[in-house]
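Have a look at the structure below, then the notes.
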Amino acid sequence: MSITRGQMAYSPIFRMGRDVLYAIFEWNADMFSDPSALHTTKQASQVCGEWRDILLSSPAIWGRLLDLGVLQWTSRWWRSEILRRSGNGSSLWILGTSIDEEGNYDTKIKQFMFSIIRDHWQRIEKLVINIEVERIHPSHWQEFYMPAPFLKVFDVVFVGMAPTSVPFFNNIAPVLHTFRSQDIKLGSQAAWLSGLRSLKLKDCISVSQLLNALQMMPELSSLVFGNLIPDNSISLAHFPSISLPKLNQITFFHDIIECMMLLEHVIPKPGCSLAIYDYRLHSRSEIPRNTTFGPLSQIAEAYYQTHYNLSRHVM
4 MSITRGQMAY SPIFRMGRDV LYAIFEWNAD MFSDPSALHT TKQASQVCGE
54 WRDILLSSPA IWGRLLDLGV LQWTSRWWRS EILRRSGNGS SLWILGTSID
104 EEGNYDTKIK QFMFSIIRDH WQRIEKLVIN IEVERIHPSH WQEFYMPAPF
154 LKVFDVVFVG MAPTSVPFFN NIAPVLHTFR SQDIKLGSQA AWLSGLRSLK
204 LKDCISVSQL LNALQMMPEL SSLVFGNLIP DNSISLAHFP SISLPKLNQI
254 TFFHDIIECM MLLEHVIPKP GCSLAIYDYR LHSRSEIPRN TTFGPLSQIA
304 EAYYQTHYNL SRHVM
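Residue numbers (the working numbering): 4 to 318.
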């Protein structure tokens, strides 16, 4: 049954104000929570003239839809059109964690991604990428070492990326709150560390280096780390305790011994959760007898007291 123009005029959805419609479109354009966000927004822009007018005049919405996993299967024209619709000043969100790294699609989408990073680095607000770069020249990501005034989320895994001592963001990333990476060294004196709320590192830092960096992170609430580099020549016995009053989640992979060494010097928020993934906890591999588990019991006791008392109070 067809719907007439008169019937459409009385439909509640077609009587919504432009501000309400914009809020709905913006809500639907979150590709980090909805993998079909780009498709949904494209379809919404083709429903009627008013919706299309709202969306085509909203560059901030299109700037949030640079989903490389979806765009790799589209035409070069459509990729360029999405970027054009984002305008010249809106923030950009880039997601590239589901790229098919086979054949020409891999090459084309990586070229598109690096062109955005090169030409629009100052606009990028969220950068979430996991790709193989072993055969790509480091000049393609030299912008990582330039100031990032609007960058809030840097979640980048470049498999095959050679280590470097050049400071990321030229030590300037004033609004960065999430840093997650692998094989990327973290300088302990970077000013942007003070604003971090979420940190995830792997294969790039030692226990002492991580402790030095944590001293600069009073806002940290989530810490994930693994495969720390051994501190064979450095004694941590006299390292000061670090108070992290907002740290409520710790996750550690690989070696429980390294985890205990770190936790001996970290004072998290009471009730902080702790998850440890060490293959020796599920096998017959022996853990050295001199391993200290005091920090583990302290965190477990604080967690029980905080959440047990809270749940009993709520009941």
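Using N, Cα and C, we set each Cβ at its ideal position, and we do this for glycine too.
Span of the beta strand (DSSP E) around GLU135 | 127 to 135
Option in GLU53, HIS123, ASP33 with minimal Cα separation from LEU86 | HIS123
Quick one: using the 10 Å Cβ neighbour count with 16 as the cut-off for buried, is MET2 buried or exposed?
-> Nothing about residue 2 can be read from this structure; the chain reaches only from 4 to 318.
CA-to-CA distance, THR100 to PHE157, given in whole angstroms = 13 Å
Coarse secondary structure for HIS185, derived from DSSP in three states = What sits at residue 185 in the sequence shown is Gln, not His. Looking at GLN185 - three-state DSSP - the assignment turns out to be coil, as it is neither helix nor strand.
Alpha carbon of GLN297 to alpha carbon of GLY163, nearest angstrom = Residue identity check: residue 297 is Gly in the sequence provided, not Gln. Taking the straight line from one Cα to the other gives about 38 Å.
Roughly how many whole angstroms lie between the Cα atoms of ALA47 and ILE57?
-> 10 Å
Cβ atoms of ILE27 and THR44: under 8 Å apart, would you say?
-> no
Excluding five sequence neighbours on each side, which residues of the same chain lie with their C-beta closer than 6 Å to the C-beta of ARG55?
-> SER48
If you drop the 5 nearest sequence neighbours on each side, which residues of the same chain put their C-beta closer than 7 Å to that of ILE270?
-> SER244, ILE245, SER246, LEU247
Mind checking who SER300 pairs with in its DSSP beta bridge?
-> For SER300, which the question treats as bridged, DSSP gives no partner whatsoever.
Report, in whole angstroms, the separation of the C-beta atoms of ILE208 and LEU189, which I expect to be a contact under 8 Å.
-> 6 Å
Beta-carbon proximity list for LEU59, same chain, < 8 Å, skipping 5 on both sides | SER48, ARG88
Three-state secondary structure assigned by DSSP to ASP70 = strand
Can you grab the Cα-Cα spacing for the pair LEU204 / GLU84, in whole Å?
-> 35 Å
C-alpha distance - ARG67 paired with ALA151, whole-angstrom precision = 17 Å
Can ASN133 be considered in contact with the ligand GTP, in the sense that its beta carbon sits closer than 7 Å to one or more heavy atoms?
-> You won't find the ligand GTP in this model; it holds no ligand whatsoever.
Just to confirm, are SER276 and GLN252 a CB contact at a threshold of 8 Å?
-> yes
Three-state secondary structure (DSSP) of ASP56 = helix
Which class does THR100 belong to by DSSP, given the choice of helix, strand or coil?
-> coil
Distance between MET19 and GLU146 (C-alpha atoms, nearest Å) = 43 Å
Which class does ALA32 belong to by DSSP, given the choice of helix, strand or coil?
-> coil
Give the single residue among TRP144, GLN75, ILE127, ARG121 whose Cα lies nearest to the Cα of THR110.
-> GLN75
For VAL210, the first and last residue of its enclosing beta strand (DSSP E) = Looking at the DSSP string, VAL210 is not in any beta strand (DSSP E); the run it does join, the alpha helix (DSSP H), is 210 to 217.
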